[in-house]
Amino acid sequence: MPFRWLALTGCLMLLAVLSACSGPALLNAVTSKAGYRVTEDLRYGPGERGTYDLYVPDGADATTPVVVFFYGGGWDSGSKGIYPFVGQSLASAGVIVAIPDYRVYPEVQFPGFVEDGARAVAAVATAAREGRHGLVPGVHPLFLMGHSAGAQIAALLSLDSPYLADAGGTGQKLSGLIGLAGPYDFLPLTDERYKRVFPPRLRSASQPVNFVTATAPPMLLVAGAADTTVRPANSRSLAEKVRAAGGSATVDILPGVDHIGAVSGLATALPLGDRTIRPAVLAFIKEHS
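In structure tokens:
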């Protein structure tokens, strides 16, 4: 059998195996484990969801940047176990990555999941500063990052300072916020699902755009022009507020990219999503570290 047919047969067999997977499961099935180490289920808070996974690149030192990534899931679902491909994507490029779980509805309503996020960030910052879990102690540049609902959490932690202060603080200024397909300006609520998550008296406090000041960290806001789940107008609105306050915000609205494509574009194992997302994220981290 000619080599090209052997290669084609191998590809078809691989696709057959991967067809049992979907979305992130497919990405994780073929994601490389080389160049970094993972420590799972590090404790930051009580309960089953009070843990995070830590991805540490080979050769990390006292100045290696740290990203805390919050996944999405509509504030009522999600798991850090779905996102090794995100940890690998950044760790393989020399970035320390922490991916926490957090409580979701109906266990908590807003702001419970944001408070969990604050505790996770404080724990990761302490671990980096003190050299826990195999990290080299130092003041590592600290970035918050999230996709979808996780981007809203990351944005509130970046802008509404009492959250981190009440969790014990980070001991440093945030170096930047990276939002992927994030909801930052999404009132009024029209979906009953989200009306249950956000009590009426707290809805104004759930909007990151309401907390922008001149001290906002630099931002990279990525959204897909084809996203019908979280409209790209959310990213534009937040960026406009930040710039009006004298801050820095870069907005990338990517043609043809949908809601999931904004995060699947980080994958290195398969050519999914927009291939400009990962380089843009890494360039932003490098610029602001």
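Just so you know, the sequence shown maps onto residues -22 to -1, 1 to 267 in mature numbering (1 follows the signal peptide of the UniProt record, and there is no 0).
Even glycine gets a Cβ: it sits at the ideal position worked out from N, Cα and C.
**Study point:** DSSP three-state assignment for L260, whether helix, strand or coil
**Key:** Your numbering for residue 260 matches position 282 in the sequence shown. Reduced to three states, the DSSP call for L260 is helix.
**Study point:** Straight-line Cα distance separating A7 from T191
**Key:** Translated into positions along the sequence shown, residue 191 becomes position 213. Translated into positions along the sequence shown, residue 7 becomes position 29. Near 42 Å, if we compare the C-alpha coordinates of A7 and T191.
Check your understanding: Cβ of I131 within 8 Å of Cβ of V200?
Key -> On the sequence shown, residue 131 is found 153 positions in, with the first residue counted as 1. On the sequence shown, residue 200 is found 222 positions in, with the first residue counted as 1. No.
Check your understanding: At what residues does the beta strand (DSSP E) containing E18 begin and finish?
Key -> Here the question's residue 18 lines up with position 40 in the sequence shown. Residues Y14 to R21.
Exercise for review: Go through its chain and collect everything with a Cβ distance to E265's Cβ below 6 Å, but skip five positions before and after it.
Suggested key: In the sequence shown, counting from the first residue as 1, residue 265 sits at position 287. Non-local C-beta neighbours of E265 in its own chain, meaning closer than 6 Å and more than five positions away in sequence, are absent.
Exercise for review: Measuring alpha carbon to alpha carbon, tell me which of S10, G95, V82 and D54 ends up nearest V64.
Suggested key: Reading the sequence shown from its first residue, position 86 is the one you call residue 64. When the alpha-carbon of V64 is set against those of S10, G95, V82 and D54, the nearest one is in S10.
Practice item. Report the rounded CA-to-CA distance for P89 versus V175, giving the unit in angstroms. Key: Locating residue 89 in the sequence shown gives position 111, where the first residue counts as 1. Locating residue 175 in the sequence shown gives position 197, where the first residue counts as 1. Each residue's Cα considered, the two are about 9 Å apart.
Review point. Is it true that the segment 94 to 102 meets the segment 51 to 65, where meeting means three or more beta-carbon pairs spaced less than 8 Å apart?
Key: Cβ pair count under 8 Å is below three, so no.
Exercise for review: Grab the span of the alpha helix (DSSP H) containing P62 for me, first residue to last.
Suggested key: As a position in the sequence shown, residue 62 is number 84, starting the count at 1. Where P62 is concerned, the enclosing alpha helix (DSSP H) stretches over P62 to A69.
Practice item. Report the three-state DSSP secondary structure of V46 (helix, strand or coil). Key: Position 68 of the sequence shown holds residue 46. The answer is strand: DSSP assigns V46 an E or B state.
Check your understanding: If you compare alpha carbons, which of K219, S215, L155 and D79 is closest to E93?
Key -> The residue given as residue 93 occupies position 115 in the sequence shown. Minimum Cα distance to E93 is reached at D79.
Check your understanding: Between T246 and R179, what straight-line distance do the alpha-carbon atoms span, to the nearest angstrom?
Key -> Position 268 of the sequence shown, counted from the first residue, corresponds to residue 246. Position 201 of the sequence shown, counted from the first residue, corresponds to residue 179. Straight-line spacing of the CA atoms in T246 and R179 works out to 43 Å.
Check your understanding: Which class does G124 belong to by DSSP, given the choice of helix, strand or coil?
Key -> Working through the sequence shown from its first residue, we reach residue 124 at position 146. Reduced to three states, the DSSP call for G124 is strand.
Practice item. Evaluate Q185 with the Cβ neighbour count: other Cβ atoms within 10 Å of its Cβ, from every protein chain shown; 16 or more gives buried, anything less gives exposed. Key: Within the sequence shown, numbered from 1, the residue matching residue 185 stands at position 207. Q185 sits buried, since 16 or more C-beta atoms from the chains shown fall within 10 Å of its C-beta.
Check your understanding: Should A240 and L134 be called a contact, given that it needs their Cβ atoms to be closer than 8 Å?
Key -> Counting from 1 along the sequence shown, the entry for residue 240 is found at position 262. Counting from 1 along the sequence shown, the entry for residue 134 is found at position 156. No, Cβ-Cβ distance for A240 and L134 is not below 8 Å.
Check your understanding: For G234, which option in E218, P249 and D205 has the closest C-alpha, if you only look at C-alpha atoms?
Key -> The residue given as residue 234 occupies position 256 in the sequence shown. For the residues E218, P249 and D205, the minimum Cα distance to G234 belongs to D205.
Check your understanding: Which one of L32, I156, P35 and I231 has the shortest CA to CA distance from P196?
Key -> Your numbering for residue 196 matches position 218 in the sequence shown. Checked all of L32, I156, P35 and I231; the closest Cα to P196 is I156.
Point to revise | Sequence-distant residues of the same chain with beta carbon closer than 8 Å to S182, five excluded per side | key: The residue you call residue 182 lines up with position 204 of the sequence shown. Within the same chain, S182 has close Cβ partners L165 and N188.
**Study point:** Endpoints, the alpha helix (DSSP H) within which P140 is located
**Key:** As a working note, residue 140 is residue 162 in the sequence shown. Run containing P140: P140 to D144, per the alpha helix (DSSP H) assignment.
Check your understanding: Is S(-4) helix, strand or coil by DSSP?
Key -> Locating residue -4 in the sequence shown gives position 19, where the first residue counts as 1. In this prediction, S(-4) scores a pLDDT of 42, lower than 50, which makes its location untrustworthy; the coordinate-derived value is nonetheless stated afterwards. When DSSP states are grouped into helix, strand and coil, S(-4) belongs to the coil group.
Check your understanding: Between which two residues does the alpha helix (DSSP H) carrying A159 extend?
Key -> Within the sequence shown, the letter at position 181 stands for residue 159. A159: not part of any alpha helix (DSSP H); DSSP gives it neither H nor E.
Check your understanding: Got a sec? Which residues, its chain only, sit under 6 Å from R21 by beta carbon, not counting five neighbours each side?
Key -> Against the sequence shown, residue 21 aligns to sequence position 43. Taken in chain order, the residues that qualify are T29.
Check your understanding: What is the rounded straight-line gap between the Cα of I77 and the Cα of D19?
Key -> Stepping through the sequence shown from its first residue, residue 77 is reached at position 99. Stepping through the sequence shown from its first residue, residue 19 is reached at position 41. If I take the Cα positions, the gap works out to 10 Å.
Practice item. Within its chain, find whatever has a CB closer than 8 Å to the CB of H237; leave out the 5 residues flanking it on each side and keep chain order. Key: To locate residue 237, count along the sequence shown from 1; it is residue 259. Its chain contains S126, A159, G202, D205, T206, T207 and V208 as the residues whose beta carbon lies nearer than 8 Å to that of H237, once the 5 sequence neighbours on both sides are disregarded; these appear in chain order.
Practice item. Count the other CB atoms, across all protein chains shown, that sit within 10 Å of the CB of K58; report buried if there are 16 or more and exposed otherwise. Key: Translated into positions along the sequence shown, residue 58 becomes position 80. Buried, because 16 or more other Cβ atoms sit within 10 Å of the Cβ of K58.
Check your understanding: Where does D94 fall in DSSP's three states?
Key -> Locating residue 94 in the sequence shown gives position 116, where the first residue counts as 1. Correct three-state label for D94: helix.
Check your understanding: Just how far apart, CA to CA, sit C(-2) and I60?
Key -> By 1-based counting over the sequence shown, the position of residue -2 is 21. By 1-based counting over the sequence shown, the position of residue 60 is 82. At C(-2) the pLDDT is 48, less than 50, meaning the model places this residue with poor confidence and gives no usable figure here.
Review point. What is the residue span of the beta strand (DSSP E) that A227 lies within?
Key: Here residue 227 is taken as the residue at index 249 of the sequence shown, counted from 1. From DSSP, the beta strand (DSSP E) with A227 extends over A227 to L232.
**Study point:** Nearest-angstrom beta carbon gap, P177 and S267 [assumed within contact, 8 Å]
**Key:** Against the sequence shown, residue 267 aligns to sequence position 289. Against the sequence shown, residue 177 aligns to sequence position 199. By a beta-carbon distance limit of 8 Å, S267 does not contact P177. Their separation comes to about 38 Å.
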